[in-house]
Ligand SMILES: Cc1cc2nc3c(=O)[nH]c(=O)nc-3n(C[C@H](O)[C@H](O)[C@H](O)COP(=O)(O)OP(=O)(O)OC[C@H]3O[C@@H](n4cnc5c(N)ncnc54)[C@H](O)[C@@H]3O)c2cc1C
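In this note's numbering, the protein residues as written are 124 to 430.
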């Protein structure tokens, strides 16, 4: 049975939520950590840019270490997908989850939302295998370095793919832009920029994609393009819905707006990680979770502090 009246409810148990829970536990607070169990980090084959691991670390292993550390401080994630967050008459926030015949809830003065974001996948078979083999990637900031000198395809159905192709050109001169829908094509201006940067593009729409021997082959028209790695550039869903239902503001990219302490525009509702900023990185998620947890600790009150 969970604590129904914790000091803080943390929603989401990826790097941001686990860091916040750890900090709060070490501040001698009682956090309740609720997690739907699908951290983006658990899909990382091996992160090589998270500080502290010279040989890199698989994302699932990093999350397991973070869970162990939180567990050693008495906080274990409760498997739960919160589907409702509401303000109660006394000003506290209530989170609810579970099926209609077995609803559960908890309430607290403060909630920290760390629900992350999800990538829209490309129409590629064997997605998880492709990710684990490094044949499919999503995040040039994370792993563009791993593509130096390799042949890289950008799969896209919208203008954002052009920017991603130009970004990756910094790492390799073998970049090809591939479109998966005839609803979008690079404009003349896009083509001029791609040509000036030495990025190839294929006019025909991709008919099929094949994963074979750690490589991805795209068939289009009468031809095909074979790549060491493809990046999927199809956008993301940012999991803000619990916050926006309470009136929280998002920026023009869909991320929750927060103040420098991590508080959203809804008093008492904080956010950390991919749900509230576009530099989707573990170091950033853990950093702003630490900031938000510290602010909540102070807001809960310290001995002798002015109200
Ligand atoms: C393939 C891949 C490779 C990457 N490589 C790197 C890398 O090398 N370096 C790097 O820094 N970053 C990398 N990233 C990005 C990194 O994974 C994210 O920035 C990081 O996981 C963000 O942490 P988070 O805690 O904000 O969100 P997440 O890790 O996504 O965790 C969010 C959690 O909230 C839960 N949740 C969502 N909604 C609810 C709800 N309603 N109720 C309860 N729980 C909920 C989810 O199930 C999930 O467990 C990579 C991402 C991908 C996909």
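No residue lacks a Cβ here, since even glycine has one placed at the ideal position from N, Cα and C.
Small disclaimer: the values here were computed from a predicted structure and weren't measured.
Could you name the residues that DSSP lists as bridge partners for residue 361? 240
Grouping DSSP H, G and I as helix and E and B as strand, with all else coil, what is residue 207? strand
Take residue 141 as the anchor and find which of 160, 190, 346 and 177 has the nearest alpha-carbon. 190
Below 8 Å, how does it come out for the segment 400-416 and the segment 159-173: are there three or more Cβ pairs, yes or no? yes
Would you check if there are 3 or more beta carbon pairs closer than 8 Å linking the segment 359-371 to the segment 182-200? no
Classify residue 425: buried if its beta carbon has 16 or more other beta carbons within 10 angstroms, exposed otherwise. exposed
Throw me the rounded Cβ distance for the residue 341 and residue 348 pair, which I believe falls under 8 Å. 5 Å
Measure the alpha-carbon distance for residue 295 versus residue 319 and round it to whole angstroms. 15 Å
For the beta strand (DSSP E) that residue 198 lies in, which residues bound it at each end? Careful: residue 198 lies outside any beta strand (DSSP E) and carries neither H nor E.
Is it true that the CB of residue 183 sits closer than 8 Å to the CB of residue 199? no
Tell me the DSSP bridge mates of residue 233? 131
Would residue 232 and residue 215 be called neighbours here (beta carbons separated by less than 8 Å)? yes
Rank 146, 244, 154 and 129 by C-alpha distance to the C-alpha of residue 360 and give the top, closest one. 244
So, for residue 344: in the same chain, excluding its five sequence neighbours on each side, which residues have a beta-carbon less than 7 Å away from its beta-carbon? 327
Any heavy atom of ligand 1 inside 7 Å of the beta-carbon of residue 170? yes
From residue 222 to residue 177, what does the alpha carbon distance come to, in whole angstroms? 44 Å
Residues that residue 356 bridges to, as DSSP identifies them: 279
Residue 409 versus residue 162: straight-line alpha-carbon distance, rounded: 13 Å
What would DSSP say about residue 317, mapped onto helix, strand or coil? helix
From which residue to which residue does the beta strand (DSSP E) around residue 339 run? 338-343
Do you know whose CA, among 416, 229 and 194, lies nearest residue 210's CA? 229
So for residue 399, helix, strand or coil by DSSP? coil
Alpha carbons only, please: which of 421, 180 and 201 is nearest the one belonging to residue 136? 201
Check whether the Cβ of residue 152 sits closer than 7 Å to any heavy atom of ligand 1, and report yes or no. no
N- and C-terminal bounds of the beta strand (DSSP E) containing residue 156: 154-158
How many angstroms separate the CA atom of residue 387 from the CA atom of residue 381? 4 Å
Need the endpoints of the alpha helix (DSSP H) that residue 322 sits in, please. Careful: residue 322 lies outside any alpha helix (DSSP H) and carries neither H nor E.
So, is residue 220 buried or exposed, given that buried needs 16 or more other C-beta atoms within 10 angstroms? buried
In whole angstroms, what is the alpha-carbon distance linking residue 292 and residue 273? 11 Å
Spatially closest choice to residue 282 from 337, 324 and 132, by CA coordinates: 324
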